[in-house]
Every structure is written in structure tokens, then in C-alpha cells.
């Protein structure tokens, strides 16, 4: 009884607090504060590599084209485009009337400058166009068109262009310092450490070395503004859940990052004025199996492992998310092969696969690594150890820091038999999934810890790159997915779900398959 | 002359310590896993891009050459460029260090003004309930890690009571340019900007208390023990026999000699607080050196890691040096002992 009374008193206090918070928040209806889990290292579109950096860039700049929630490439700065010369020449018509934050008009010359600058600096997303596009292949055509002439046909090219953000050439030339790029000096890199040169929906109001950041709405944004749009967006840097909860409860935070603990989202959902928004992502949590190391070099052993795992425990308890069907997510996306089934635990089939493998009758032992300090990955490792013991495979769990895992991944012999890894495509094309992870000619990184060397897979990936048109690509990707499913280099465990805590009055959140593009503040608005 | 040699000797040792520190950190930075160029360029960068950046950063050179280049730069006041922020490391440290120093100074002040009188009070009422309560609280303070204390304080004063801010050093709506010192409480005072002063002070309370708790308990315990020890001295009994009041005895004749061990501890605590401030800063999103250093370590930003460790090393060495000299002045026996050795 006493406990119940205390609970009710607590609820009243919480309700009062939340009511006050709602009042204060409505008073600041046009100001949004969110937390990011790390500071911004760089906000230069030629150097961005991580989630937080993309979050800044997508709000400060405009890209040539954009991606819809389903991953379809849609016009943005470019109002239309044509593809010619056998899939080698892409010509984009630049939308008129767009202005940069300093009031200068955005022109085709700025697009040419931005791509050449990116290729010259050769960092950030530049790897996407390595061996595909040279600086000389980027030219202005007429007054308002840009042409990219590729070295060879490359069908994913269009899908990579949302990562090309356009900078204000005149502004950067004005601020450039001497540097290694001839007449372009340092390409304005030092100035861009604390400034922006974009045309995006927000400008930088405050940017103190990446740790105190406020974005200011750009009133002259060419796409216009929804009613209730936020005038300023403040970013607080914390990944501490108790801080996030305290700030949320006291009205000092209106939107959380997507990297909070599950318990934090549960608590936020219990606040009267808060909601938790979920969206299935295109990122999959994999068990990557080293196909070059005994005993996981046997396809049957890999299938035995795949059959032994109790997926439901992972997908419902350890890391709640959707069940994958194959290697493309979310399940049912445009290029997914509908014939690929979900995986389920079947110990009888697992034992049968082992009995048919070249390691039949032998005592099997594998090493399994995960990112040290990640609680749910440790739980998954323990589950796998227990599941595989049921079919006679002994698992040694070797947790390692992420830096160590990325280093191990560059050597075939050092890569463990099994590794727990998240992978999501960098740009909305199956090529980003298949080339990066399974083409043996791709750079060997943590994404390719399966070390797959399969000529047929390589060939199909290249064929899909050369193919034109959705139907042709879909046919190739269907075949590729079927082959990869049979080879089972990676076991897809669960599709990651994005979760954000936010005030109920915040609307407009839209999932986007690219990096942190879903945190484009232009979409968000306040409606009590 | 002897005392000067003593100081020169201490200075030489300090420089040697810093050199050794730089060498060890340099080696550790290169041994821990991860390629800085790969981490900077992202996991999907091509090997050619990684090799290019390694060349640009001089990471392809032999280790002794890299270390020599670093030291040469250091002698010319160049800490190198941070991979993460792309700024000169000295600029990064100079921007963030004031916030950390403000936190550490506030914690030291709390230790001094609360810990010492608390210890004196407990000694005065030795074995009473006041002493019992004091011992319970001081042991609690000593055994509670700063970051845990921070989280507890956040939950109580931020989440439930909502009376104190739990994040940052000033509220978002309060204009603050970081001038002239980079410490908003002090700047508010210096400029007579009372809204800034009060706002920054409220933000400072919880992090400073979290940081101070452990050393506060320790200093209070040392003061108590030392005062009890002094209270048994002959001269104290003699003065008591003259009929001096309790307060006069406690604070005039017993506290001063009892303060020496606490002073030594306080000096060392100031330096160690810098290290403890790391976790407290992360808990309270304090814009000090911690978040910078944490990211630098994770990104294997060697120049930034070296810069932060060296600056902290300088603080430790200088503080130890000052404590040695100060202790010599406060306690004549130490000074005489030094001269005798010389």
C-alpha cells in the first residue's frame, strides 16, 4: 500500500514536471535541442566519414540528388538528368534560383568545383568514385548543366551522388589559404573547420571546435519551410543515459540520439509528453564467417552454424529488430530476392550439415569476436556459444576493441572464424552491400571479414555495375543473392531498428537509408 | 646555495620525467591497435587513400624518426595537427583546458573549505555521534567513484528534484563568448555579468561536488587524525591549562600544525583531480579536455593524445614541485633536513 502511494505520488510529481516541461517547451516552440553521442570532427563535405559528421553536412549543404525513404534517387539540386554514351555520361540540369547562405546564386560551376575538390582532397566519400571518375571527367555544359563522364559504365553512380554536397566556390576561393592544390590553395579546408559554405536548410550559428554547436534556420531556403519549423537547433554532446533522461524530463532536451540504451527509450516512452519513434533500417547485424579459415572454410559447417542459432532470442530479446531475409534490408526492399527465406533454428538440419561436411566426426573449434564492452554483443556471443555447443562446435569468445577488430580484418589469417559486425550500405544501392562485403577485389576491411573469393560472385557484381535499367539489375541481384545465400559467408542475425525519443509535438521524422540523412531538420516541425 | 641546488635537481628530474613520459606515451600510442590514417578516412576508404594519408602524416617513417620529428616540433612550440579536429593540438587544448581547470579549481576549493573544517570538527568531537557520522560520510566519499557520484547526483538533483542543471557549463540561452579566461564563473565575476555568473555557478555545483567527494573525504580524515595527534602534544596541554577556550585551541593552536599533511595531500589531489575530471566531464557533458581526449584515444589521434598527456604531465610535475617547496617553507624541519642532506 505504502509503495503504491509512493508510486502515485511519484507519478503526480512526474506529471507536474512534464506539464511544466510542456509549457516551457511550447514557449520555445521554434528551438530544438537534441543530443549527439560524439562531437563533430569535421563538417567539410569532402572529409565526412561518420554519422555525426553527415548529420551536420546534410543540414548545412544540399546534395545534387537525394534519396527517398525507399532508396529511390530523386531530384534535388539537379531538377533532371540524362544518361548517355552507353551509361558513361551523366548530365544534370541544375535547378535555377537556388542561393547559398551568403546570398550568391548556386550554379553548375559550383557543382563542378565541389566534385573536383572532393576528388583532389581524396578523403571522406571520395573512395566511391575511385577508378570510376577523374577530375577531368567533371565538366560544365552550357550555363546550367554538369556532365560526369565516367571511365567505364557504372550503374550505381547515380546512387552515390547523394553524397556529393555542393559548396560555394566563390566563398571558398575568397577564404582559401596556400596549400598543396596549386591555384586552389588548401581548397578552403582551414576555413571550413569552423564555417559552412552551403545552401542547405540550416546555417552554422555557433560552432566552437565541434563541441558547442547551434544551427540557424536559413530563411531563404529554396524548398521553403513547413509551418512550425525550428528556428534554431542546438546539439548537446552526451551519450550518458542518466544525463539524457534528466535533460528530457526537465524540458532541456526534445530529441534524443538513436544510440541510447533500450531502458532509456522505455523510460522516455513512459513520459506523458514523449514518444519513441522506430524505423527499420537497412543495417544488418551479421555473424561474419571467415571462409578461408578451417573449419568455417566449409560451406556445410557455415550452414550448420546458421541452422544452430536461435534467432528469435536475438530478434526479440537481445537486440529487438526485424528478421532479415537475405543480405538486403529492410526485408522486402526493391532489390530483395523474394525467394530467400528467413533463417530459423533447426538443430537436426545443423547436425546433418555437419555430418556431410569434410570435418565430419572431428572435434570442431572456432573463435568468435565481438566489440568489447558492448553488452548485447556479449550476450549474443554467449548465446552462440551455447547454441553451437549443442551441435558439438566449441566456441572460444575473444572480445576485442573495435580498433583491434578493424586491424584483424585486414589479414585473412588473423580474422577470427566468426565476428559480430553491423553493416549498412553507404549509398542506396545493392552494390554498396555486395561489392564492399563480397567482391574479393574490394579493399579488405571489417566489412569483408568473410574473405569470400568466388569468381561467380565477383562476375555478377561487375555485371550488375555495368547493367542499365532496374529489371536487368534486379535479375542479376536476384541471382547473386541466391548464390550468396547458398554460400552463407555471413549469417544475417537481425535488422537494426532506428529508435529516437522525442516530444509528441515534434512531427515530420522521415526515415532515410543514407547515413544520418534521417536527421535532416528541414523535415521536422512543431505541432502541439 | 644548497637550496638552489635542491631546486635545480628537482627541475632536472621534472624535465627528465616529462621526456620519459613523452617517450612512453609515444610508444604506447603506436603499439595500441588501429591505423590512424584508416580511422581518419573511415573503414571503407581504399588502401591507396590510406597509404597517401600515412605518407602525408609521416606515419611511414621509422619510429625513432617520427619521435625525433615530434620532439623537434615540441621544442618549437608545435604540438602537431589533430587528426580529428584538423586544428593545431595546442589550440585545441588551450580552448578546452580552462573548462577543466575551472572544474578542478572548484573541486579543490570545496575540499579546502569543507574537508579541513569538517576534519577539525570531527577531531574536536572525537568519538561522539558527530565523529561517527563524519567517519561514515568520509568513508562513503572516499569509496564512491567520481563518475558514480555524478550519476547519483544527476538522478537526485536533476531527474527527481529538478533543481540543478546536469549538462554543460552554461545554459544554451545564456550568451557567453569564452572571454577573457574561458571559465564562465570567473568571467561572470570579472565582467560583473551576474546572470552568466549565477547560471555558470549552478552548472558547476554538481560536477564539482562529484569530483571533490573522494579527496574531500580523504583530506577531512587526514585533518582529523592529525589534529587528534596534535591534541596529545605537551604544548597543547600546557596551553589548555592556561584556560584558553576550546574554539581558540582548536582553530588557533591545533589546526595550523595539523594542516601540513592536508596541504601536501591537497597539492597532490589538485593534480590527480585532473585525471578524475575525465569521467566527471563525460557524465556532465562538460566541454573540457575529456571529450577531446576520449575521442583522440578512440581515433588514435596520436598528436592529440601526446599533447593532452604532456599537458597533464606538466601539471603533475609542477604541482609536485610546488608542494615540495611549499612543504619546506611551512615545516622548518623539512627545510633543515634538506640542508643537512645537502
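Residue numbers (our numbering), protein chains in the order written: chain A, 1 to 528; chain B, 1001 to 1342.
Think of the CB as a built atom: it goes at the ideal place given N, C-alpha and C, for glycine as much as any other residue.
Computed from a prediction, not measured in an experiment: that's the story for all the values here.
In the structure shown, residue 1262 (chain B) adopts helical secondary structure according to DSSP, grouped into three states.
Secondary structure note for residue 500 (chain A): its beta strand (DSSP E) is the uninterrupted segment 490-503. Below the 8 angstroms Cβ cutoff, chain B contributes 1033, 1034 and 1035 as neighbours of residue 407 (chain A), in chain order. Spanning the alpha carbons of residue 1169 (chain B) and residue 1206 (chain B) requires a straight line of approximately 11 angstroms.
Between residue 288 (chain A) and residue 504 (chain A), the CB-CB gap reaches or exceeds 8 angstroms. Under the Cβ criterion (8 angstroms, minimum of three pairs), the region 355-367 of chain A does not count as touching the region 93-100 of chain A. Here residue 92 (chain A) is bridged, per DSSP, to A:81 and A:146. Note that the region 1256-1265 of chain B does not touch the region 1013-1033 of chain B; fewer than 3 beta-carbon pairs, one per stretch, sit closer than 8 angstroms. Using a Cβ-Cβ cut-off of 8 angstroms, residue 446 (chain A) counts as an interface residue toward chain B, since at least one Cβ of chain B sits closer than that to its own.
Contact annotation, residue 244 (chain A) with residue 260 (chain A): C-beta distance approximately 6 angstroms; criterion of less than 8 angstroms satisfied.
Looking at the DSSP output, residue 286 (chain A) sits in a beta bridge with A:421 and A:492.
Contact check between the region 1227-1236 of chain B and the region 1068-1080 of chain B: fewer than three CB pairs, one atom from each, fall below 8 angstroms, which does not count as touching.
Taking 8 angstroms as the upper bound on Cβ-Cβ separation, chain A lies near residues 1282, 1283, 1284, 1285, 1287, 1291, 1292, 1295, 1298, 1299 and 1300 of the region 1280-1303 of chain B. For residue 506 (chain A), the closest of A:522, A:498 and A:528 by C-alpha to C-alpha distance is A:528.
Within chain B, no C-beta atom comes less than 7 angstroms from the C-beta of residue 484 (chain A); the nearest is roughly 19 angstroms away. For residue 409 (chain A) against residue 445 (chain A), the beta-carbon gap comes to about 6 angstroms, under 8 angstroms, which counts as contact.
By the neighbour-count criterion, in which 16 or more other beta carbons inside 10 Å mark a residue as buried, residue 470 (chain A) falls on the exposed side.
Of all residues in the region 1304-1321 of chain B, none places a beta-carbon less than 8 angstroms from a beta-carbon of chain A.
Minimum Cα-Cα distance from residue 265 (chain A) among the listed residues A:397, A:73, A:199 and A:497 corresponds to A:497.
For residue 1167 (chain B), the chain A residues whose C-beta falls within less than 8 angstroms of its own C-beta are 236, 238, 243, 246, 247 and 252, listed in chain order.
Inter-segment contact for the region 1054-1061 of chain B and the region 125-140 of chain A is absent: fewer than three beta-carbon pairs are separated by less than 8 angstroms.
Runs of alpha helix (DSSP H) with 4 or more residues, each lying fully within the region 1183-1210 of chain B, are found at 1184-1191, listed in chain order. The three-state reading of DSSP puts residue 481 (chain A) in helix, counting H, G and I together.
Using a 10 angstroms sphere on the CB of residue 1047 (chain B), the tally of other CB atoms stays under 16, which defines it as exposed. In the three-state scheme derived from DSSP, where H, G and I count as helix and E and B as strand, residue 1153 (chain B) is classed as helix. Annotation: the continuous beta strand (DSSP E) that includes residue 212 (chain A) extends over 212-217. Residue 1102 (chain B) is a Cβ neighbour of residue 1183 (chain B), given a cutoff of 8 angstroms. Within the region 1115-1144 of chain B, not one residue has a Cβ closer than 9 angstroms to any Cβ of chain A. For the pair of segments examined, the region 504-523 of chain A was found to touch the region 66-81 of chain A: the number of CB pairs separated by less than 8 angstroms reaches three.
Here residue 1326 (chain B) has 1263 and 1267 as same chain residues with Cβ atoms under 8 angstroms from its own Cβ, once five neighbours each way along the sequence are excluded.
Residue 212 (chain A) sits away from residue 34 (chain A), with the two beta carbons spaced by 8 angstroms or more.
If the five residues before and after residue 1222 (chain B) are omitted, its C-beta is found closer than 6 angstroms to the C-beta atoms of 1261, 1262 and 1265, all from its own chain and listed in chain order. Shown here, residue 66 (chain A) sits in a strand according to DSSP, grouped into three states.
Counting only Cβ-Cβ distances below 7 angstroms, residue 1201 (chain B) has no contacts in chain A at all, with the closest Cβ about 17 angstroms away.
Using a C-beta cut-off of 8 angstroms, the region 347-356 of chain A makes no contact with the region 413-422 of chain A, since fewer than three inter-stretch Cβ pairs fall below that distance.
Among the bridge pairs identified by DSSP, residue 165 (chain A) is matched with A:63.
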